[in-house]
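Q: Read in order, the letters of the sequence shown correspond to residues 301 to 417 in the numbering used here.
Dumping the structure here so I can ask a few things about it.
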Amino acid sequence: MRALRGITLGGLGAIGYVGLVSTLFGFVAWSYLLRSYDATAVAPYSLLVPVFGMSSAWLLLGERVSPLAGAAALLVIAGIGITALRPGLPSAVVARLRGSGPRRSAALAAAPPRPRG
């Protein structure tokens, strides 16, 4: 209750922005992407939400990013990049690790997802 007594106009503006503007933009953009592309093509990009939050806090608010958090963010970006550039590559690597031999997996041979509609 004490936190509510000390709220400022700037704090109310920040709550309004996060609660309305950014949430509304996020849901509209997400709905558009899901309407245009398969969910399997869009879903990996949702992993970037914490990366954007962390980098925004660093750029705009001067917060420190630990080396471990930075490495984790780079790992997420690299993983999404690998799946975006070569959609079948992760499943081909898993198949090879399981001992499927040099066969080309069906996922690697498949064409990348195309926009619907």
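Glycine residues also receive a C-beta, built at the ideal position from the N, C-alpha and C atoms.
Note that the coordinates shown come from a computational prediction; the quantities given were computed from them, not determined experimentally.
Just to confirm, is the Cβ distance from Val351 to Val376 under 8 Å?
A: Here the question's residue 351 lines up with position 51 in the sequence shown. Here the question's residue 376 lines up with position 76 in the sequence shown. It is a contact, given that the beta carbons lie within the stated cut-off.
Q: Quick check on the DSSP output: what are the complete alpha helix (DSSP H) runs of length 4 or more inside the segment 307-389, in order along the chain?
A: Fully enclosed alpha helix (DSSP H) runs of 4 or longer: 309-316, 323-336, 339-342, 349-361 and 367-385.
Q: Just confirm the distance between the C-beta atoms of Val342 and Leu333, as a whole number of angstroms; I'd bet it's less than 8 Å.
A: In the sequence shown, the residue the question calls residue 342 occupies position 42. In the sequence shown, the residue the question calls residue 333 occupies position 33. The Cβ separation is near 5 Å, so the contact holds.
Q: Taking Cβ positions, are Pro344 and Thr383 nearer each other than 8 Å?
A: Residue 344 sits at position 44 when you count from the first residue of the sequence shown. Residue 383 sits at position 83 when you count from the first residue of the sequence shown. Yes.
Q: Verify whether the separation of the beta carbon atoms of Ala373 and Met354 is less than 8 Å.
A: By one-based count along the sequence shown, residue 373 stands at place 73. By one-based count along the sequence shown, residue 354 stands at place 54. Yes, the Cβ-Cβ distance between Ala373 and Met354 is below 8 Å.
Q: Would you give the residue range spanned by the alpha helix (DSSP H) that Arg305 belongs to?
A: Looking up residue 305 in the sequence shown gives position 5. Looking at the DSSP string, the run of the alpha helix (DSSP H) that includes Arg305 is Arg302 to Arg305.
Q: When DSSP labels each residue in this structure, what does Arg396 get in the three-state scheme?
A: Position 96 of the sequence shown, counted from the first residue, corresponds to residue 396. In this structure, Arg396 counts as helix in the three-state DSSP scheme.
Q: Flag this pair as yes or no: are the beta carbons of Ala369 and Glu363 separated by less than 8 Å?
A: Against the sequence shown, residue 369 aligns to sequence position 69. Against the sequence shown, residue 363 aligns to sequence position 63. Contact flag unset, no.
Q: How should Leu371 be labelled, buried or exposed, when 16 other C-beta atoms within 10 angstroms of its C-beta is the threshold for buried?
A: Here residue 371 is taken as the residue at index 71 of the sequence shown, counted from 1. For clarity, residue 371 is Ala in the given sequence; the question names Leu instead. Label assigned to Ala371: exposed.
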